[in-house]
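Chains as they are written, first to last, in the numbering used here: chain A, 484 to 696; chain B, 5 to 422. In this text, a Cβ means the ideal position worked out from N, Cα and C, and glycines have one as well.
Okay, here's the thing in structure tokens:
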């Protein structure tokens, strides 16, 4: 495969054909935020915060999964892109019921940081029933607080494609989607062992290591 | 203007359970011509030249799509017929499948020759379960006649999800995975079902193919408008006196269809293209229906002056929220937030900020959602805001009135009502 020429935010960049917009941008020091992308894994394209404007396209493209093409002109920080990203982050904040304000780990929350980078502030949208699930501590290795989950599916991906255990999957549909184990059962110590990979990748702290007694 | 029946030309005059009646009407002559006298490239060239476009809503040039799959190098190729007619108010494919299944199968046989597919599927929506056996029997009769030597057709029944009418979710469904859409590119003609080149065509698109082969591309491209060739089958429902399936030349006006043929009276608005369709006020009845203007899947729902547009949009949103697969953020969260806003407007708890929120949400969803569902979910909202803005203002004023009335402030100031 040869190289292609693209233009990102006015910079002329030469990258390997077949790489994604995100890879091209990152390699050249242009930051595009992501919540659901795991470097080196097949992109999932679910969180949509990495959307960028591509000239000639009616809709915005997810940078993490769109391959570059010769002559592509990309805007990753245009006012339109920023406006769309802000709404997406605001939507993620809306349905989520974690106690970010009191949380001592808030600075580790990728969503919290993204919201402050983009100056989103308190969301002004409402939902009928914000997601609320009781925190689950039945597993000695993983504490699950699904109220904090933003459904980025990184844990599902890591569990299936990296660790190859397939313990976690997506259950239900639409707004009621939830990361479940089995048929939405408790995550038992039999099903899930101590690889802790999902905790490593969780952007919001929905999955965490339980406090040692 | 009267109807122009091409796709529906055999509906009603053949027995859908007897291939003999179809052949007696000239059926399978196009397939035999394509098989014996034409090379695959020639079939594709003919379809491409005819200007046939996808009838499912997107309107992509069918011949061009076939060419992409033909040129893709792979060990196997697939042909899928999208009969997951889930769009609200669309029932044209049901009419076609119940009255002329052989026309579809002939179209598929020709498409299979053109792209070099060995396996084809008809993805039938679960709600059309009553068509499963007749379709399987029809495929069996075609097989017995020896027209299916190059390719096999399997009827695949969906599980009842609207999203599975979206081509990538449809493929996921056949593969046995969750019915969720995939990101594009790669597009199905290069990497589709099980990672192999796949062509997905709507029932109506494939129905056109035998007519193009028989009568030639020039005949077909003489019908219709600049970019939209041929005819379109519409499903008309709602406040009309003669609801049903009508086939009209592309570019016919909305008035001919809704008022002339279906007999609508006292119209307030028309929704074209189902729950994710455009809502046009009655003043725009002279709009021609084509890919250049409005078309979608051909669902036309007439709304008379007794209907409240905001209720209609709320109903659409309720449906879309229920049917969102939950994969990408804008659609999953956006439809829920919109539904909350419409719920408050309906209960009399709206405020001015709601219009801005709806507008911002709709614009975001339209450009950033992963698939067509989320992108198009914004369409009725944006259209109602554009053409029926005053309805929203009325609702908000009513909300103010209710609040002031309940708190006894109505007589203190006029501010609330304005």
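| Check | Outcome |
| --- | --- |
| Using the DSSP secondary-structure output, state which residues sit across from residue 309 (chain B) in a beta bridge. | Residue 309 (chain B) is not bridged to any residue. |
| Can you list the residues of chain A that residue 197 (chain B) reaches, using a CB-CB cut of under 7 Å? | None at all; the shortest Cβ gap to chain A is about 17 Å. |
| How about residue 364 (chain B): is its C-beta nearer than 8 Å to some C-beta of chain A? | yes |
| Could you tell me whether the segment 127 to 145 of chain B touches the segment 240 to 249 of chain B, using the rule of 3 or more Cβ pairs below 8 Å? | no |
| Which of the residues in the segment 524 to 537 of chain A, read from start to end, lie with their CB under 9 Å from any CB of chain B? | 526, 527, 528, 529, 530, 531, 532, 534, 536 |
| Taking the alpha carbon of residue 634 (chain A) as the point to measure from, which residue in A:551, A:520, A:646, A:693 has its own alpha carbon closest? | A:520 |
| Does chain A have any CB closer than 8 Å to the CB of residue 372 (chain B)? | yes |
| List the whole-angstrom C-beta distance separating residue 348 (chain B) from residue 354 (chain B), where the pair is believed to meet the contact cut-off of C-beta under 8 Å. | 5 Å |
| If the criterion is Cβ atoms closer than 8 Å, does the pair residue 16 (chain B) and residue 239 (chain B) meet it? | no |
| In whole angstroms, what is the alpha-carbon distance linking residue 168 (chain B) and residue 323 (chain B)? | 15 Å |
| Going by DSSP in three states, residue 42 (chain B) sits in which element: helix, strand or coil? | coil |
| How about residue 156 (chain B) and residue 118 (chain B): are their beta carbons less than 8 Å apart? | no |
| On the CB-based measure, 16 or more other CB atoms within 10 Å of its CB, does residue 276 (chain B) come out buried or exposed? | buried |
| For a contact defined as C-beta to C-beta under 8 Å, what are the partners of residue 336 (chain B) on chain D? | Protein chains in the displayed structure are A and B, and chain D is not among them. |
| For residue 373 (chain B), list the residues DSSP reports as bridge partners. | Residue 373 (chain B) is not bridged to any residue. |
| Please classify residue 607 (chain A) as buried or exposed, where buried requires at least 16 other C-beta atoms within 10 Å of its C-beta. | exposed |
| Using a cut-off of 7 Å between C-beta atoms, extract the partners of residue 384 (chain B) located in chain A. | Correct list: empty, because the minimum Cβ distance to chain A is about 18 Å. |
| Taking 8 Å as the threshold, find out whether the segment 223 to 232 of chain B comes into contact with the segment 281 to 296 of chain B through three or more Cβ pairs. | yes |
| Is there contact between the segment 193 to 212 of chain B and the segment 92 to 111 of chain B, where contact requires at least three CB pairs shorter than 8 Å? | yes |
| So which residues on chain A does residue 332 (chain B) lean against when the C-beta distance must stay under 8 Å? | 528, 529, 530, 531 |
| Kindly list the residues whose CB is nearer than 6 Å to the CB of residue 529 (chain A), restricted to its own chain and excluding five residues on each side of it in sequence; keep chain order. | 519, 636 |
| Classify residue 298 (chain B): buried if its beta carbon has 16 or more other beta carbons within 10 angstroms, exposed otherwise. | buried |
| Given that a residue counts as buried once 16 or more other Cβ atoms are within 10 Å of its Cβ, and exposed if not, what is residue 631 (chain A)? | buried |
| Does DSSP classify residue 592 (chain A) as helix, strand or coil? | coil |
| Taking residue 97 (chain B) and residue 174 (chain B) to be in contact with their CB atoms under 8 Å, please state how far apart those CB atoms are, rounded to whole angstroms. | Actually they are not in contact, since the Cβ atoms of residue 97 (chain B) and residue 174 (chain B) sit about 14 Å apart, beyond 8 Å. |
| For residue 678 (chain A), list the residues DSSP reports as bridge partners. | In the DSSP output, where bridge partners are listed per residue, residue 678 (chain A) has none listed. |
| Let's see if you can read the secondary structure: which residues bound the beta strand (DSSP E) around residue 495 (chain A)? | 494 to 499 |
| For residue 596 (chain A), which residues in chain B fall below 8 Å Cβ to Cβ? | Ordered by position in chain B, no residue passes the 8 Å Cβ test against residue 596 (chain A), which lies about 17 Å from the chain. |
| For residue 328 (chain B), return the contacting residues in chain A, with the cut-off set at a CB-CB distance below 8 Å. | 656, 657, 658 |
| How long is the line joining the alpha carbons of residue 618 (chain A) and residue 663 (chain A), rounded to whole angstroms? | 13 Å |
| Tell me, to the nearest whole angstrom, how far the beta carbon of residue 569 (chain A) is from that of residue 603 (chain A); I am working on the premise that it is less than 8 Å. | 6 Å |
| My assumption, with CB atoms under 8 Å, is that residue 362 (chain B) sits in contact with residue 383 (chain B). Please give the rounded CB distance. | Not confirmed; about 13 Å, so no contact. |
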